[in-house]
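Before any comments, here is the structure.
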Amino acid sequence: MSNASLSPASLRALAPDELTVEQAQAELAALAADIAHHNTLYHQKDAPEISDADFDALVRRNNAIEARFPELRRADSPSLSVGAAPASGFRKVRHAVPMLSLDNAFAPEDVTDFVARVRRFLGLKEGDALDFVAEPKIDGLSCSLRYQNGDLVQATTRGDGAEGEDVTANVRTIRDVPHTLPAPVPAVLEVRGEVYMNRGDFLAMNTARAERGEPLFANPRNAAAGSLRQLDSSITAGRPLCFFGYALGEVSEPIAGTQWGVRERLKGWGFQLNRPAEHCDGVESLLRFYDGIQRRRATLPFDIDGVVYKVDRLDLQERLGFVSRAPRWATAHKYPAEQAQTRLKAITIQVGRTGALTPVAELEPVNVGGVVVSRATLHNEDEIARKDVRVGDLVIVQRAGDVIPQIVAVVESQRPESGSEPYAYPTHCPECGSLAVREEGEVVRRCTGGLVCPAQAVERLRHFVSRDAFDIEGLGEKTIVEFWTDGLVRSPVDIFTLEQRNEGFTPPIRDRFGWDVVSQDKLFAAINQRRAAIDLHRFIFALGIRHVGEVTAKTLAKHYRTVDAWIAGMNEAAAAMPGQAWQDLHTLKGVGPTTVEGILAWFAHADNVANARFYATQPTLSVETVIATLLSKTVKRPAAKALAERYATVPDWVEAMAEAAAHRPGPAWGELVSLSDVGTVAAEELAGFFLEPNNRAVIGDLLAAGVTVIPYEPPKGATSSPVAGKTVVFTGTLTTMTRPEAKARAESLGAKVAGSVSAKTDYVICGADAGSKAAKARDLGVTILSEEEWCALVG
Ligand code: IVH
28 MSNASLSPAS
38 LRALAPDELT
48 VEQAQAELAA
58 LAADIAHHNT
68 LYHQKDAPEI
78 SDADFDALVR
88 RNNAIEARFP
98 ELRRADSPSL
108 SVGAAPASGF
118 RKVRHAVPML
128 SLDNAFAPED
138 VTDFVARVRR
148 FLGLKEGDAL
158 DFVAEPKIDG
168 LSCSLRYQNG
178 DLVQATTRGD
188 GAEGEDVTAN
198 VRTIRDVPHT
208 LPAPVPAVLE
218 VRGEVYMNRG
228 DFLAMNTARA
238 ERGEPLFANP
248 RNAAAGSLRQ
258 LDSSITAGRP
268 LCFFGYALGE
278 VSEPIAGTQW
288 GVRERLKGWG
298 FQLNRPAEHC
308 DGVESLLRFY
318 DGIQRRRATL
328 PFDIDGVVYK
338 VDRLDLQERL
348 GFVSRAPRWA
358 TAHKYPAEQA
368 QTRLKAITIQ
378 VGRTGALTPV
388 AELEPVNVGG
398 VVVSRATLHN
408 EDEIARKDVR
418 VGDLVIVQRA
428 GDVIPQIVAV
438 VESQRPESGS
448 EPYAYPTHCP
458 ECGSLAVREE
468 GEVVRRCTGG
478 LVCPAQAVER
488 LRHFVSRDAF
498 DIEGLGEKTI
508 VEFWTDGLVR
518 SPVDIFTLEQ
528 RNEGFTPPIR
538 DRFGWDVVSQ
548 DKLFAAINQR
558 RAAIDLHRFI
568 FALGIRHVGE
578 VTAKTLAKHY
588 RTVDAWIAGM
598 NEAAAAMPGQ
608 AWQDLHTLKG
618 VGPTTVEGIL
628 AWFAHADNVA
638 NARFYATQPT
648 LSVETVIATL
658 LSKTVKRPAA
668 KALAERYATV
678 PDWVEAMAEA
688 AAHRPGPAWG
698 ELVSLSDVGT
708 VAAEELAGFF
718 LEPNNRAVIG
728 DLLAAGVTVI
738 PYEPPKGATS
748 SPVAGKTVVF
758 TGTLTTMTRP
768 EAKARAESLG
778 AKVAGSVSAK
788 TDYVICGADA
798 GSKAAKARDL
808 GVTILSEEEW
818 CALVG
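According to the working numbering, the sequence shown is numbered sequentially starting from 28.
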């Protein structure tokens with residue numbers, strides 16, 4: 028396992044319906060990057076880091092969000108390309124006969140059903156014989172070998188079943204594959220089978236790779252796939268690949284009447300066969316075969332994930348045909364996941380590219396179904412707590428054909444009697460020491476030190492120089508990765524000191540591969556040009572704060588105007604962020620805003636808090652009674668009931684209210700969340716970003732390096748308009764224009780459009796059926812305009 032995230036995404040909590048546009052956009056971007064990353068690992072490097080199930084969950088999540096927000100579908104959306112990422116470099120070949128997959132059976136009843144289905148389809152009567160061939164199901168990758176007049180002319184991978192890749196040169200290097208077949212042999216013969224690696228060869232190969240410092244393969248299947256799909260066949264030749272033949276593709280004339288006969292012919296031509304295989308005459312003997320192989324499974328030299336049952340007579344196979352992508356005449360009977368027990372030595376935390384913290388179990392190495400496992404995923408913080416996994420525990424490890432083994436449970440009876448402590452999940456990033464936070468409704472804890480965290484640095488730098496951020500010509504993503512790898516640029520500010528440091532590099536940039544004096548000086552010029560002038564919204568967007576996309580960055584720039592005002596505003600908002608108790612109270616159903624305000628106003632007085640704390644010491648009183656006694660005018664019966672349901676005891680309630688009253692949001696917070704496109708989620712991210720000293724230092728460094736941020740300029744002509752610089756709120760139904768239209772028009776005239784009314788609002792424009800916002804404007808004495816009056820004002 029490398030230093031990448033183990034798919035926390037399958038656990039993302041908000042339903043697509045609950046996402047804001049901003050969140051949906053951010054998540055789709057993250058998903059596109061994630062999925063592309065895992066696709067490359069799987070298809071091109073044959074080194075997946077997440078299970079197929081987790082991968083599917085990512086794709087499903089992407090599609091669900093796109094279904095809800097079709098307009099946000101990205102040009103690089105995975106939904107436009109999933110799975111279609113074969114390694115480039117191999118020629119595509121259409122299969123003469125499609126390469127099928129197999130249906131699965133798990134329980135004995137599934138096997139009974141399979142046999143009954145076949146018998147019914149063929150119209151067999153009781154007592155009519157029906158024979159099967161049973162053989163092990165090898166975990167490798169299927170391959171089709173085409174022989175013409177006995178000569179191997181082509182070898183193809185399965186691909187999508189209809190079209191595969193030409194891997195002839197590589198397959199020719201496999202010892203088990205005959206290059207010529209002894210006569211008699213049909214003019215055209217396609218032999219299908221599995222390319223795989225023996226477990227012992229796999230372990231030896233990985234050991235050698237480890238010694239050379241090369242990346243390891245996760246299992247024999249990936250090793251086989253990775254070895255077969257090498258563009259240089261001399262690499263394949265050095266890999267211990269094997270081949271079993273088990274079926275036919277196109278054949279110009281029949282070679283046998285039964286599956287067993289096919290095996291015999293294949294053996295005669297020199298092919299290896301799946302062994303041990305057996306002839307079976309019904310469900311009972313099939314299940315006996317299954318059990319027998321299961322007992323011998325660990326002693327077989329190769330990995331299997333089940334056994335395969337095939338109707339023996341080829342004429343019956345022909346009649347049975349296939350449904351969608353699997354034959355009716357065969358099925359795969361799968362074995363359950365393999366488990367083993369071992370000691371948990373330690374829990375380490377990996378930090379992914381997006382800052383997600385993932386716990387990894389470090390185990391006493393143990394053999395799980397033939398593969399030595401020393402690390403397993405613990406998924407996330409909640410899973411550790413749910414299973415109460417503790418360092419030193421004896422744990423059950425499972426390997427389910429998946430790439431990453433899992434901890435399924437703790438053997439609690441074996442827990443040491445003393446000295447074991449529940450695992451305390453870290454609150455700080457192990458890579459950079461920044462605070463790691465977990466958002467409401469998320470299972471993943473994330474590092475907030477994006478710009479300084481080495482785990483996230485490349486990703487953040489990539490974003491920093493991307494087109495809508497600093498967009499420095501000559502400093503594309505490729506160069507950034509190259510410079511980061513070689514230590515030239517490790518944080519954004521390093522970009523702006525490159526020129527200064529260049530003469531100290533060995534070699535200087537101009538002497539690097541692919542560079543010369545001209546391109547080097549052009550790069551410095553481009554950097555200096557950006558240093559001299561960068562728009563505020565680009566600067567904000569470049570910082571890569573979660574949920575702060577381009578639109579939100581623009582809104583912030585428009586509102587705060589200068590970088591200094593923005594920084595001050597963010598620091599104030601961070602200080603004015605409401606506490607958890609306040610937020611809980613405000614999301615409580617059945618308690619309206621007026622009631623909440625009344626309660627908090629009351630708890631704002633120290634005397635009242637002391638009084639309430641006295642009541643909290645009286646054990647016989649219920650929350651409802653205390654509320655009725657102290658706040659009967661403010662809190663009506665239904666609200667009191669809702670509060671009593673949420674807060675279990677009087678002390679709970681009193682402390683929560685005191686806490687909420689002490690940590691109410693300040694005006695700077697209100698100002699931030701009321702901006703359209705910002706909202707609580709982005710506001711919390713912004714505040715979190717500014718609370719982290721490392722992040723403030725990055726901004727300070729950039730400004731100190733001479734980066735000059737241009738204040739937001741309202742569009743030309745806007746300054747002379749009567750609403751320039753005014754804050755306006757639209758409410759109710761407008762008749763002559765839509766909301767977005769009204770907003771765009773107001774903004775083009777230099778007004779700020781806010782989502783809620785405050786003392787800072789200049790105008791509230793009320794359409795039909797305006798409600799609480801109009802009332803609030805009246806209370807605060809804010810000027811109210813009708814739609815007509817507004818139109819007259821702005822012309
Ligand atoms: S027969 C028409 N026999 O399992 C179907 N397949 O999950 C031909 N496999 O794509 C397949 N061992 O790659 C068959 N003894 C065996 C097998 C086997 C492994 C693979 C094969 C197939 C996949 C389906």
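We put the CB at the ideal spot given by N, CA and C, even for glycine.
My output table needs one value for residue i: the three-state DSSP class, helix, strand or coil.
i: CYS456; result: coil
i: ILE374; result: strand
i: ILE644; result: The sequence given here has Thr at residue 644, not Ile. Coil, per DSSP.
i: LYS770; result: helix
i: THR810; result: strand
i: GLN607; result: helix
i: LYS854; result: In the structure as shown, the chain begins at 28 and stops at 822. Residue 854 is therefore absent and cannot be evaluated.
i: LEU583; result: helix
i: GLN368; result: strand
i: ALA760; result: Inspection of the sequence shows that residue 760 is occupied by Thr rather than by Ala. Of the three classes helix, strand and coil, the one that applies to THR760 here is strand, per DSSP.
i: TYR336; result: strand
i: GLY110; result: Residue placement at GLY110 is poorly supported in this model, since its pLDDT is 41, which falls under 50; the coordinates are not used for a value here.
i: THR139; result: helix
With burial defined as no fewer than 16 other Cβ atoms inside 10 Å of the residue's Cβ, what is the status of residue i: buried or exposed?
i: GLN433; result: buried
i: PRO363; result: exposed
i: GLY110; result: Since pLDDT at GLY110 reaches only 41, below the 50 mark, its modelled position is unreliable, and no value is offered.
i: PRO97; result: exposed
i: ASP152; result: Rather than Asp, the amino acid found at residue 152 in this sequence is Lys. Exposed is the call here.
i: LEU627; result: buried
i: LEU384; result: buried
i: GLU815; result: exposed
i: ASN249; result: buried
Give a yes or no on whether the C-beta atoms belonging to residue i and residue j are separated by under 8 Å.
i: LYS159; j: VAL338; result: With the sequence shown as reference, residue 159 is identified as Phe, and Lys is not the correct amino acid for it. Cβ atoms of PHE159 and VAL338: closer than 8 Å.
i: ALA359; j: LEU46; result: no
i: LEU478; j: PRO519; result: yes
i: ILE792; j: LEU812; result: yes
i: HIS122; j: GLY191; result: yes
i: SER783; j: LYS800; result: yes
i: HIS574; j: VAL485; result: no
i: VAL824; j: ALA778; result: Given a span of 28 to 822 for the chain in the structure shown, any question on residue 824 remains unanswerable.
i: PHE491; j: GLY541; result: no
i: ALA608; j: ALA714; result: no
i: MET126; j: SER171; result: yes
Starting from residue i, trace the beta strand (DSSP E) both ways and give me its first and last residue.
i: ARG121; result: 119 to 121
i: GLN321; result: Per DSSP, GLN321 belongs to no beta strand (DSSP E); it is in the alpha helix (DSSP H), 310 to 323.
i: VAL180; result: 178 to 184
i: THR385; result: 384 to 395
i: GLY272; result: 268 to 278
Alpha helix (DSSP H) containing residue i: first to last residue?
i: ILE726; result: 720 to 731
i: MET232; result: 226 to 238
i: ARG100; result: Unbroken run through ARG100: none, as it is neither H nor E.
i: ALA251; result: 247 to 255
i: GLY288; result: 286 to 295
i: SER261; result: 260 to 264
Roughly how many angstroms separate the alpha carbons of residue i and residue j, rounded to a whole number?
i: GLU467; j: ASP420; result: 30 Å
i: GLY446; j: LYS372; result: 14 Å
i: VAL120; j: GLU217; result: 14 Å
i: GLN547; j: LEU502; result: 10 Å
i: ARG557; j: ARG528; result: 18 Å
i: GLU712; j: VAL681; result: 29 Å
i: ASP187; j: ASP155; result: 37 Å
i: VAL470; j: GLU408; result: 7 Å
i: LEU85; j: CYS818; result: 47 Å
i: SER461; j: GLU719; result: 7 Å
i: ALA633; j: PRO665; result: 27 Å
i: ASN90; j: THR67; result: 20 Å
Exercise. Which residues have a Cβ closer than 6 Å to any heavy atom of ligand 2, listed in chain order?
Worked result: Judged by which ligands are present, ligand 2 is missing from the structure shown, whose ligands are ligand 1.
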